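Visitor:
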Amino acid sequence: MEQYLQWLAEGLLALSWWKLLLIGLMTTHVTIVAVTVYLHRCQTHRSLPLRPLVAHCFRFWLWLTTGMVTREWVAVHRCHHAHCESEKDPHSPVVVGINQVLWRGAELYRDATCGPGLVDRYGGGGPADWLERRIYGRYTWQGVGLLLLIELVLFGARGLTLWACQMMWIPFLAAGVVNGLGHYAGYRNYDCKEAATNIVPVGLLIGGEELHNNHHTFPTSAKFSVRWFELDIGWAYISLLRWLRLATLRRPPQRLMRCAGQFVPTPATLKLVLGNRAILMRELTVLTLDVFRNERTGLAQLSPHEALAQTKRLLRRAPCRLTGAQKVALELVIVHSARLNTMHVARQALEKLWERSPATQEELLTVLQNWCVDAERSGPRPLQRFARQLASYG
Numbered sequence: 064m065e066q067y068l069q070w071l072a073e074g075l076l077a078l079s080w081w082k083l084l085l086i087g088l089m090t091t092h093v094t095i096v097a098v099t100v101y102l103h104r105c106q107t108h109r110s111l112p113l114r115p116l117v118a119h120c121f122r123f124w125l126w127l128t129t130g131m132v133t134r135e136w137v138a139v140h141r142c143h144h145a146h147c148e149s150e151k152d153p154h155s156p157v158v159v160g161i162n163q164v165l166w167r168g169a170e171l172y173r174d175a176t177c178g179p180g181l182v183d184r185y186g187g188g189g190p191a192d193w194l195e196r197r198i199y200g201r202y203t204w205q206g207v208g209l210l211l212l213i214e215l216v217l218f219g220a221r222g223l224t225l226w227a228c229q230m231m232w233i234p235f236l237a238a239g240v241v242n243g244l245g246h247y248a249g250y251r252n253y254d255c256k257e258a259a260t261n262i263v264p265v266g267l268l269i270g271g272e273e274l275h276n277n278h279h280t281f282p283t284s285a286k287f288s289v290r291w292f293e294l295d296i297g298w299a300y301i302s303l304l305r306w307l308r309l310a311t312l313r314r315p316p317q318r319l320m321r322c323a324g325q326f327v328p329t330p331a332t333l334k335l336v337l338g339n340r341a342i343l344m345r346e347l348t349v350l351t352l353d354v355f356r357n358e359r360t361g362l363a364q365l366s367p368h369e370a371l372a373q374t375k376r377l378l379r380r381a382p383c384r385l386t387g388a389q390k391v392a393l394e395l396v397i398v399h400s401a402r403l404n405t406m407h408v409a410r411q412a413l414e415k416l417w418e419r420s421p422a423t424q425e426e427l428l429t430v431l432q433n434w435c436v437d438a439e440r441s442g443p444r445p446l447q448r449f450a451r452q453l454a455s456y457g
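Structure representation (structure tokens):
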């Protein structure tokens with residue numbers, strides 16, 4: 064009887080609490096990796112084809128530990144990108160509030176999958192084999208039920224606590240923290256149209272999903288980190304899979320390479336500029352802020368401190384993202400500095416380049432060439448250097 068009670072309490076393995084904690088951290092981390100590598104980067108954005116065996120291992124693990132259906136998860140996330148921060152967004156804290164997304168993120172996912180036609184419209188391209196149709200997609204809760212039985216047998220009553228933590232891990236961290244705080248608090252490398260933020264620069268706990276602003280700026284990139292101090296552990300696992308030849312990159316990043324002796328933009332330059340628009344706009348924004356700092360002493364004699372503080376914030380924004388009132392407030396300050404005004408006008412002109420979607424490649428190239436000529440002719444030295452550098456890409 065005593066042995067039976069001991070088995071009920073500790074299970075077959077009778078592990079100490081710290082070993083059980085280690086198992087919990089390891090299993091939840093594998094689940095996070097499966098979500099970010101398989102569901103998000105591979106299935107949703109198609110940036111990372113995986114070998115069938117690797118993909119199925121991820122799929123089985125997600126069925127066992129979360130009960131999530133690949134096609135449904137993909138559909139909800141694609142809908143999120145298509146209608147971000149609007150009424151059609153399944154989980155936008157801008158629309159429904161941060162508390163709703165943070166604490167009811169998983170419920171918002173389930174509600175979205177019940178929407179008429181959402182899965183059919185956005186869930187295409189996912190696995191549709193016999194296992195998906197007959198097992199994973201049909202018996203969604205039986206996987207987590209099987210996990211509960213396994214952990215009760217191995218770890219006894221403490222296995223129930225472990226299982227409960229595993230069940231809360233993804234709903235809170237992925238559905239709640241990433242979709243909630245990732246559109247509410249943090250820093251922004253790029254002023255994309257969505258409210259997405261980077262929660263923290265080191266993406267360890269949630270597999271790199273913490274770098275949400277970077278992801279929304281480059282949604283088809285398999286790598287979420289962009290700056291030297293940022294870490295995307297999901298990319299580390301992807302690099303390991305690539306080294307083992309178990310994964311490939313569908314869209315390798317286009318690097319901005321300079322061509323010696325090239326002073327006029329070419330069609331190759333245009334392609335690189337359009338593909339790296341966010342990076343280039345950020346570089347130009349940093350240069351504009353440098354000019355603002357140099358001009359601040361002179362501007363302080365003509366504008367109050369509050370106006371200068373607001374100007375700095377507005378210069379960080381993409382010009383197209385400014386409201387009418389913000390544009391007026393910005394112009395009231397920068398009109399007193401010819402150098403700063405020229406930098407801002409150049410940003411506006413370059414931004415219009417990728418707004419000309421109906422234009423032909425020849426027309427866009429002409430616009431880019433004229434921009435470089437104007438920037439070198441009339442711009443401050445930082446703008447001239449930027450224009451020469453941009454023209455040399457190819």
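The sequence shown runs 64 to 457 under this note's numbering. The beta carbon of each residue, even a glycine, is placed where N, CA and C say it ideally should be. Predicted model only: the values in this text are computed from it and were never measured.
Considering only the alpha carbon of each residue, which of 257, 228, 426 and 182 lies closest to residue 207?
Guide: The option with the nearest alpha carbon to residue 207 is 228.
Visitor: Whose C-alpha, out of 156, 98 and 224, is nearest the C-alpha of residue 244?
Guide: Per the Cα distances, 156.
Visitor: Where do the ends of the alpha helix (DSSP H) carrying residue 142 lie?
Guide: Residues 133-145.
Visitor: Note down the Cα distance separating residue 246 from residue 75, rounded to an integer number of angstroms.
Guide: Spanning the two alpha carbons is a distance of roughly 44 Å.
Visitor: So, at 6 Å on beta carbons, what are the nonlocal neighbours of residue 195 in its own chain, with the 5 sequence-adjacent residues on each side left out?
Guide: Closer than 6 Å at the Cβ level, and outside the excluded window around residue 195, lies no residue.
Visitor: What are the boundary residues of the alpha helix (DSSP H) that residue 406 is part of?
Guide: Element bounds for residue 406: 401-414.
Visitor: Against chain D, does residue 437 count as a neighbour if the rule is that its beta carbon must be under 7 Å from one of theirs?
Guide: Any reference to chain D falls outside this structure, which holds one protein chain only.
Visitor: Could you check if residue 426 is buried or exposed, using at least 16 other CB atoms within 10 Å of its CB as the buried criterion?
Guide: Residue 426 comes out exposed.
Visitor: Can you tell me whether DSSP reads residue 202 as helix, strand or coil?
Guide: Looking at residue 202 - three-state DSSP - the assignment turns out to be coil, as it is neither helix nor strand.
Visitor: With 16 other CB atoms within 10 Å as the buried threshold, where does residue 287 fall?
Guide: It is buried - the Cβ of residue 287 has at least 16 other Cβ atoms within 10 Å.
Visitor: Determine whether the beta carbon atoms of residue 454 and residue 328 lie at a separation below 7 Å.
Guide: Yes, the Cβ-Cβ distance between residue 454 and residue 328 is below 7 Å.
Visitor: Relative to the alpha-carbon of residue 417, which residue among 237, 290, 320 and 383 has its alpha-carbon at the smallest distance?
Guide: It is 383 whose Cα lies nearest to the Cα of residue 417.
Visitor: In the structure shown, what three-state DSSP assignment does residue 263 receive?
Guide: Note: residue 263 maps to coil in three-state DSSP.
Visitor: Residue 198 to residue 313, Cα distance in whole Å?
Guide: Approximately 29 Å, taken between the alpha carbons.
Visitor: Kindly indicate which residue of 234, 235 and 290 has the alpha-carbon position closest to the one of residue 261.
Guide: Checking every option, the nearest Cα to that of residue 261 belongs to 290.
Visitor: Would the segment 434-444 count as touching the segment 402-410 if we require 3 or more Cβ pairs under 8 Å?
Guide: As far as the Cβ criterion goes, the segment 434-444 touches the segment 402-410, which means the pair count is three or higher.
Visitor: Kindly indicate the opening and closing residues of the alpha helix (DSSP H) around residue 174.
Guide: First-last of the alpha helix (DSSP H) with residue 174: 161-176.
Visitor: According to DSSP, simplified to helix, strand and coil, what is residue 310?
Guide: Looking at residue 310 - three-state DSSP - the assignment turns out to be strand.
Visitor: Across the segment 164-182 and the segment 95-106, are there enough close Cβ pairs to call them in contact, namely three or more that are closer than 8 Å?
Guide: The segment 164-182, when compared against the segment 95-106, does not touch it at the 8 Å Cβ threshold.
Visitor: Can you list the alpha helix (DSSP H) stretches of 4 or more residues lying completely in the segment 203-236, in chain order?
Guide: Those alpha helix (DSSP H) runs which fall completely within the segment 203-236 and span 4+ residues are 203-218 and 221-233.
Visitor: Do residue 147 and residue 257 come within 7 Å of each other at the CB atom, strictly closer than that value?
Guide: In this structure, residue 147 lies closer than 7 Å to residue 257 by Cβ.
Visitor: By Cβ distance below 6 Å, which residues in the same chain neighbour residue 73 in space, the five residues on each side in sequence not counted?
Guide: The answer, listed in chain order, is 219.
Visitor: Pick from 152, 456 and 108: whose alpha carbon is nearest that of residue 134?
Guide: The candidate whose alpha carbon is nearest that of residue 134 is 108.
Visitor: Count the other CB atoms, across all protein chains shown, that sit within 10 Å of the CB of residue 137; report buried if there are 16 or more and exposed otherwise.
Guide: The residue is buried, with at least 16 neighbouring Cβ atoms inside 10 Å.
Visitor: So, helix, strand or coil for residue 113, using DSSP?
Guide: Residue 113 falls in the strand class under three-state DSSP.
Visitor: So what does DSSP say about residue 295, is it helix, strand or coil?
Guide: Here residue 295 sits in strand by DSSP.
Visitor: Taking just the CA atoms, how far does residue 182 sit from residue 176?
Guide: Cα to Cα, residue 176 sits roughly 6 Å from residue 182.
Visitor: How long is the line joining the alpha carbons of residue 223 and residue 302, rounded to whole angstroms?
Guide: Near 35 Å, if we compare the C-alpha coordinates of residue 302 and residue 223.
Visitor: What number of angstroms, rounded off, separates the C-alpha of residue 264 from the C-alpha of residue 298?
Guide: So the two alpha carbons sit approximately 14 Å from each other.
Visitor: Using 6 Å as the cut-off, classify the Cβ of residue 201 as near or not near the heavy atoms of the ligand MG, replying yes or no.
Guide: You won't find the ligand MG in this model; it holds no ligand whatsoever.
Visitor: Give, in chain order, every unbroken run of the beta strand (DSSP E) that is at least 3 residues long and sits entirely within the segment 348-378.
Guide: Entirely contained in the segment 348-378, not one beta strand (DSSP E) run reaches 3 residues.
Visitor: Under a Cβ-count criterion, where at least 16 other Cβ atoms within 10 Å of its own Cβ denotes burial, should residue 164 be classed as buried or exposed?
Guide: Classification of residue 164: buried, given that the 10 Å Cβ count is 16 or more.
Visitor: Under the assumption that residue 268 contacts residue 225 (Cβ atoms under 8 Å), give the Cβ distance between them as a whole number of angstroms.
Guide: With 8 Å as the limit, residue 268 and residue 225 do not qualify as a contact, their Cβ atoms being about 18 Å apart.
Visitor: What does DSSP give as the partner residues of residue 456 in its beta bridges?
Guide: Paired residue(s): 321.
Visitor: Give the DSSP-derived three-state secondary structure of residue 101 in the structure shown.
Guide: Of the three classes helix, strand and coil, the one that applies to residue 101 here is helix, per DSSP.
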